[in-house]
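*Asks:* Residue numbers (my numbering): 10 to 252.
For glycine and all other residues, C-beta sits at the position ideal for the given N, C-alpha and C.
Input: one structure, supplied below.
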Amino acid sequence: MLFTAAWTLHPPLGSSLETPVVENRHGQKVTGGVGMEKPQVHSVNPVRVTKGAGFMGRLPCCEKAHTNRGAWTKEEDDRLIHYIRVHGQGSWRSLPKAAGLLRCGKSCRLRWLNYLRPDLKRGNFSEDEDQLIIKLHALLGNKWSLIAGRLPGRSDNEIKNYWNTRIKRKLVSQGIDPQTHRPLNETSNKNSSPAKAAPTEMDFRNAPTVPKSISFTTPPPDFKYSVFEVKAKSESIEGGQQF
DNA sequence: AATCAGAGCAACCGCAATGAT
DNA sequence: AATCATTGCGGTTGCTCTGAT
C-alpha cells in the first residue's frame with residue numbers, strides 16, 4: 010500500500026518514529042521534519058500567537074478565541090496524523106474538534122496537505138522537475154494546484170514558494186519573463202497572458218510528452234503524461250481563458 | 001562579535017467554487 | 001432557484017536562518 014510504503018520511507022514530522030535527519034538547503038545535516046528548513050520549529054511562536062486578531066493585519070478566519078494559531082506543535086501534528094490515519098481525510102470543518110485540536114479546519118487541511126502527508130517528497134527539486142514546472146506554468150499560469158497535480162509528492166504551496174523564490178529569478182537571469190515566458194525585451198511593455206501569447210520556444214502546448222526521465226512513484230489516477238490533455242477543472246485551455 | 005540584508009518557507013487570509021438543503 | 005455551509009485555491013505575510021560586512 011502506497012500510504013504505508015511512503016510512510017515508512019518518509020515518516021512525517023511528529024510521527025512516533027525516529028526523528029529524521031535531513032539536509033537543509035545548504036547541505037547540512039539537521040534533525041527535524043522531512044526536508045524541514047527550520048528544525049525544532051515545534052513551538053508556538055509567542056509573537057505570532059499573542060498578536061491575536063491583529064495577526065498579519067486581518068481578522069482570523071476562525072473567530073474562536075480559543076483557536077491556536079501560528080506554528081504547529083509536535084503534539085498537534087501527532088494528533089492530526091493519528092486522526093487522519095484512523096479516519097481518513099475530509100470533513101475538515103469537524104476534524105479539529107473530533108481530533109482534539111484547537112485549530113480551524115482550514116489550518117488542519119493546510120498542515121496535512123503541505124507538510125504531514127506521507128507521500129510528500131520534500132527535498133530539493135530536480136532539474137527535470139524545474140523544467141516541468143516551467144513548462145506547466147507556461148501552459149497553466151499560476152494554477153499551482155494543477156501544476157502540483159502533475160508533480161507527485163509536491164504540494165501546491167511548495168511549488169508556489171519554489172517558483173517565487175527560485176525559478177522566477179532563474180528565468181529572469183536567462184532573460185525570460187516569468188509571467189509570459191517570452192524574452193524580457195519582448196514583453197517589457199506588454200501584458201500578454203501566457204495562454205494568449207504566440208508560440209515561443211517555451212510554448213509546449215503541442216509538445217507530446219513531458220520528460221520521461223522524471224520518475225514518478227505513483228501518478229494520480231487522472232495523471233496524463235501528455236500535457237496537451239491537461240485541463241483545468243472547469244475551464245478550457247483551448248478557449249484561451251486568462252490565467 | 002554584532003549587525004544587516006536577503007532568501008526561504010510555513011501559515012495565514014479572502015474569495016471563488018462546489019455541494020447540500 | 002435561492003441560500004447557506006464547506007472546501008479549495010492563490011496571494012501575501014512575517015519569522016527564522018544564513019552569509020556578508
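Assess, as a yes-or-no matter, whether the segment 157-170 is touched by the segment 103-114 under the definition of 3 or more beta carbon pairs within less than 8 Å.
*Replies:* No, the segment 103-114 is not in contact with the segment 157-170.
*Asks:* Run the CB neighbour count on K179, radius 10 Å, all protein chains shown included, and call it buried at 16 or more, exposed below.
*Replies:* Sequence index remark: in the first sequence, residue 179 carries index 170 (1-based). With fewer than 16 other Cβ atoms within 10 Å, it is exposed.
*Asks:* Considering only residues of the same chain and omitting the five flanking positions on each side of D165, which have a CB-CB separation below 6 Å?
*Replies:* Here residue 165 corresponds to residue number 156 of the first sequence, with the count starting at 1. Cβ within range, chain order: W153, S154, A157.
*Asks:* Could you tell me the alpha carbon to alpha carbon distance between R191 and E167, rounded to whole angstroms?
*Replies:* In the first sequence, counting from the first residue as 1, residue 191 sits at position 182. In the first sequence, counting from the first residue as 1, residue 167 sits at position 158. Roughly 24 Å separates the two Cα atoms.
*Asks:* Just to confirm, are I185 and D139 a CB contact at a threshold of 9 Å?
*Replies:* On the first sequence, residue 185 is found 176 positions in, with the first residue counted as 1. On the first sequence, residue 139 is found 130 positions in, with the first residue counted as 1. No, the Cβ-Cβ distance between I185 and D139 is not below 9 Å.
*Asks:* Given that a residue counts as buried once 16 or more other Cβ atoms are within 10 Å of its Cβ, and exposed if not, what is A107?
*Replies:* Start at 1 with the first residue of the first sequence, and residue 107 comes out as number 98. Under this definition A107 is an exposed residue.
*Asks:* Tell whether a beta-carbon distance below 9 Å holds between E85 and R126.
*Replies:* Taking the first residue of the first sequence as 1, we reach residue 85 at position 76. Taking the first residue of the first sequence as 1, we reach residue 126 at position 117. The answer is no: Cβ separation not under 9 Å.
*Asks:* Applying the criterion that 16 or more other CB atoms from any shown protein chain within 10 Å of the CB defines a buried residue, is R102 buried or exposed?
*Replies:* As a working note, residue 102 is residue 93 in the first sequence. Flag for R102 reads exposed.
*Asks:* Between which two residues does the alpha helix (DSSP H) harbouring K83 extend?
*Replies:* Locating residue 83 in the first sequence gives position 74, where the first residue counts as 1. Its alpha helix (DSSP H) spans residues 83-96.
*Asks:* Output the boundary residues of the alpha helix (DSSP H) element that contains R118.
*Replies:* Locating residue 118 in the first sequence gives position 109, counting from the first residue. Start and end: 114-120.
*Asks:* If you check the beta carbons only, do H146 and P105 fall under 9 Å apart?
*Replies:* Start at 1 with the first residue of the first sequence, and residue 146 comes out as number 137. Start at 1 with the first residue of the first sequence, and residue 105 comes out as number 96. No.
*Asks:* If you follow the alpha helix (DSSP H) that Y171 is part of, which residue opens it and which one closes it?
*Replies:* Locating residue 171 in the first sequence gives position 162, counting from the first residue. From DSSP, the alpha helix (DSSP H) with Y171 extends over 165-171.
*Asks:* So, at 7 Å on beta carbons, what are the nonlocal neighbours of L89 in its own chain, with the 5 sequence-adjacent residues on each side left out?
*Replies:* Residue 89 sits at position 80 when you count from the first residue of the first sequence. Contacts found: A108, L110, C117, R120, W121, L125.
*Asks:* Helix, strand or coil for P187 per DSSP?
*Replies:* Stepping through the first sequence from its first residue, residue 187 is reached at position 178. P187 falls in the coil class under three-state DSSP.
*Asks:* According to DSSP, is P254 helix, strand or coil?
*Replies:* Coverage of the chain is limited to positions 10 through 252, which leaves residue 254 absent and any answer about it impossible.
*Asks:* Is P105 helix, strand or coil by DSSP?
*Replies:* Translated into the one-based positions of the first sequence, residue 105 becomes position 96. If DSSP states are grouped into helix, strand and coil, P105 belongs with the helices.
*Asks:* I need the straight-line Cα distance from R131 to W172, nearest angstrom please.
*Replies:* The residue labelled residue 131 in the question sits at position 122 within the first sequence. The residue labelled residue 172 in the question sits at position 163 within the first sequence. Distance between the alpha carbons of R131 and W172 is about 15 Å.
*Asks:* To the nearest whole angstrom, what separates the beta carbons of D128 and G162, a pair I think is in contact under 8 Å?
*Replies:* Counting from 1 along the first sequence, the entry for residue 128 is found at position 119. Counting from 1 along the first sequence, the entry for residue 162 is found at position 153. With a Cβ gap of about 6 Å, D128 and G162 count as contacting.
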